[in-house]
Amino acid sequence: MNSNMSDDMIDQNVARSLTLRYVIALILVASLSTAAWLSLHLVISEQKSTAAIVNVSGRQRMLSQRTALFANLLANSPVTERPAIRDKLKDAINLMERSHEGLTHGDASMGLPETLSPAVRAMYYGTPDALDHQVVSYIAAIQAWLMLEDNELTLDKPLLNEITRTASTTLVSALDKMVRQYQLEGEASVSQLQKAETIFWLSTLLLLILEAILIFHPFVRHVRIIFGKLQSVTDELRVHHDQLEETVRERTAELENRSRALAESEEKFRLIGTNAKDGIIIIGKDGIIVYWNPAAEALFGYSANESIGQNLHDLITPERYRETAHKGFERFQQFGVGSLVGQTFDISALHKNGEEFPIALSISAFMYKNHWHALGTIRDITERKQMEEQVRQLAFYDALTSLPNRRLFNDRLKQSMAASRRNNTYGAVLFLDLDNFKPLNDTHGHNAGDLLLIEAAGRLKQCAREMDTVARFGGDEFVMILNDLGAHKTPSAAQASLVAEKIRINLSAPYLLEVKQEEQPDRFIEHHCTASIGIALFINHDDKPNEVMKQADEAMYHAKAAGRNQIRLYEPKV
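For reference, each letter of the sequence shown is one residue, going 63 to 636 in the numbering used here.
Shown next, in the form of structure tokens:
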């Protein structure tokens, strides 16, 4: 008895000693692994930072040549093409200015650091004619060129010659040197981190050798002693053999009961899947379909034999979504999660005949045979989408002409005014009132008036660009939004007036209206109708949409007062 207790004490002491050594070794390995990981993380971060810096500094070189090209094009192009070239030149020089600010002072959105190395700082600020001075002077020259009026933009301007000379000689050379300096510094930093990684690797290798000598060798010797003791324990275990056999028999009976319950559960799932009104699909490894119920057959036109074994996304996902679906399922296979798992969402699907139709899809995830599977419940929502579209039409479109109504027009006017402020370009609102509309209604009835409104709406749409909006406010009043007319008021007003004149001419052409009559021959009515049109311009100001509408309405009433069939541009009262 005392001998056994003494042996147990020795075993416990040895175990404690080995455990302590093992814990210390694990701490050291963990520390070295953490240091190695941090070193690798620094290498990756340094590579990303270097790549971002080299990319942005290289782009500066491209922007210097691009701005010089646009500056020359601005002087060499027709006046009508200059606004677009001005915008491109302005965008390019703004990007160059922002990139320079990021390179010298840091920009987190570009991945640029706030600090500069001594060599880089010297290249930027070391001399009066350093790179910072060259870039700032060049940007100022381009901005000065942009401030000139069109009649001042000539090829013989000294400012243009200075821009062209600087961009092609001193500036591009200095930018090339800076890109090379960034590359050299990035390579040097990565080299230092790689040396640190080598030191960590050698330290880890040495630690493993020490573990083998101080831990694993004593451990093996101790295990041999333990095995001898286990032999005696084995003899004792034989005594319990009969008891274990009885336990096994009980567990076997329990497993049989569970197997029967599982079979019943599978039968219930089969009945549910077979009789469900919604399509039920299960996909397993690599997106392969493993279950396809009868409702899915009716939805997509594929039988179970045709679909099982096929890739779900290749079978029913529209081509424009297919690549995204494949990538999302790759992540799902690894972790069993995804942005759409546990969600019900609307999406388009492909029928066997190639037609797309809308479905509501709900996705659940479960693990089966060590692989993540996805269960999808699918419902055809074509009728629901049609009803939603009908509701949308009633809410935002005029029932008679199918033009946007007042509600949708007001929303688009807000968007247009916001875009005008953002882009610093003029837009315009045209307010139209049909002349001689009431006599047609009074003489021939509302059916004839409705036909005239429908025809007038069609003619208005023919005069509008795709970016413009034509709407009906009610009665015989129509409105139009003209977007992106230009950066200057006079040509913008002229362009809006040209559109208004085109509308006036189109609306003044004779109308031949076919009026349907019950139990009588159809009547054909020829009618002449004109329009009074008011124009209000808007650009970067704080006017509310209703104020712009009042201005256009006031201009329209001036057109009415001038004898109708006229166009008037709103002019602020002095």
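Backbone N, C-alpha and C define an ideal beta-carbon position, used for all residues, glycine too.
*Inspect the beta-carbon positions of residue 186 and residue 193 and report whether they are closer than 8 Å.*
For the 8 Å CB-CB criterion, residue 186 and residue 193 form a contact.
*Is it the case that the Cβ atoms of residue 492 and residue 567 are separated by a distance below 8 Å?*
Their beta carbons are not under 8 Å apart, which means residue 492 does not touch residue 567 by this criterion.
*Report yes or no: do three or more beta-carbon pairs, one from the stretch 115-135 and one from the stretch 241-251, lie closer than 8 Å?*
The stretch 115-135 is in contact with the stretch 241-251.
*C-beta contact flag for residue 429 and residue 400 at 8 Å*: No, they are not a contact pair.
*Inter-residue Cα distance where the pair is residue 298 and residue 74*: Near 22 Å, if we compare the C-alpha coordinates of residue 74 and residue 298.
*Ordered list of beta strand (DSSP E) runs contained in the stretch 169-225, each at least 3 residues*: If we require 3 residues or more, the stretch 169-225 turns out to have no beta strand (DSSP E) run fully inside it.
*Sort out for me which residues DSSP pairs residue 490 with in a bridge.*
Per DSSP, 544, 599.
_Are the CB atoms of residue 436 and residue 422 within a distance shorter than 8 Å?_
Remark: C-beta atoms of residue 422 and residue 436 do not approach each other more closely than 8 Å.
_residue 320 Cβ short of 7 Å to the ligand GDP heavy atom set_ = The ligand GDP is not among the ligands present in this structure, which contains no ligands whatsoever.
*Any idea what DSSP makes of residue 633, helix, strand or coil?*
Residue state, collapsed to three classes: coil.
*Can you round the beta-carbon distance between residue 595 and residue 562 to whole angstroms, since I take them to be within the 8 Å contact cut?*
In this structure residue 595 touches residue 562 by the C-beta definition: roughly 5 Å separates them, less than 8 Å.
*asked:* For residue 71 and residue 82, I'd like the C-alpha separation in whole angstroms.
replied: Roughly 16 Å between the two C-alpha positions.
*Using a Cβ-Cβ cut-off of 6 Å (strictly less than) and excluding sequence neighbours within five positions of residue 499, which residues of its own chain qualify?*
Within the same chain, Cβ atoms closer than 6 Å to the Cβ of residue 499 are found at 538, the five residues on either side in sequence being excluded.
_Going by DSSP, what residue range makes up the alpha helix (DSSP H) through residue 167?_
Run containing residue 167: 144-167, per the alpha helix (DSSP H) assignment.
_On the CB-based measure, 16 or more other CB atoms within 10 Å of its CB, does residue 273 come out buried or exposed?_
By the 10 Å Cβ count, residue 273 comes out buried.
_For residue 578 and residue 588, I'd like the C-alpha separation in whole angstroms._
If you take the alpha carbons of residue 578 and residue 588, they lie about 14 Å apart.
*What are the boundary residues of the beta strand (DSSP E) that residue 261 is part of?*
Counting along the chain, residue 261 falls outside any beta strand (DSSP E), though it belongs to the alpha helix (DSSP H) covering 232-273.
*When DSSP labels each residue in this structure, what does residue 588 get in the three-state scheme?*
Strand at residue 588.
*residue 677 versus 391, 472, 311, 518, residue with shortest Cα-Cα distance*: Given a span of 63 to 636 for the chain in the structure shown, any question on residue 677 remains unanswerable.
_Pick from 515, 599, 626 that is closest to residue 556, judged by C-alpha positions_ = The closest CA to that of residue 556, considering only 515, 599, 626, is found on 599.
_CB contact flag (residue 440, residue 361, <8 Å)_ = The Cβ atoms of residue 440 and residue 361 lie closer than 8 Å to each other.
_Taking its Cβ as the centre, do 16 or more other Cβ atoms sit within 10 Å of residue 229, making it buried, or is it exposed?_
Classification for residue 229: buried.
*asked:* Please report the distance separating the alpha-carbon of residue 152 from that of residue 357.
replied: Each residue's Cα considered, the two are about 59 Å apart.
*Does DSSP put residue 370 in a helix, a strand or coil?*
Note: residue 370 maps to coil in three-state DSSP.
_Considering only the alpha carbon of each residue, which of 471, 582, 244, 552 lies closest to residue 530?_
That would be 471, whose Cα lies nearest to the Cα of residue 530.
*Beta-carbon proximity check, residue 226 vs residue 134, cutoff 8 Å*: Yes, the pair counts as a contact, with Cβ atoms nearer than the cut-off.
*Which word fits residue 404, buried or exposed, when buried means at least 16 other C-beta atoms lie within 10 angstroms of its C-beta?*
Burial call: exposed.
*Would you call the CB atoms of residue 438 and residue 488 closer than 8 Å?*
In this structure, residue 488 does not lie closer than 8 Å to residue 438 by Cβ.
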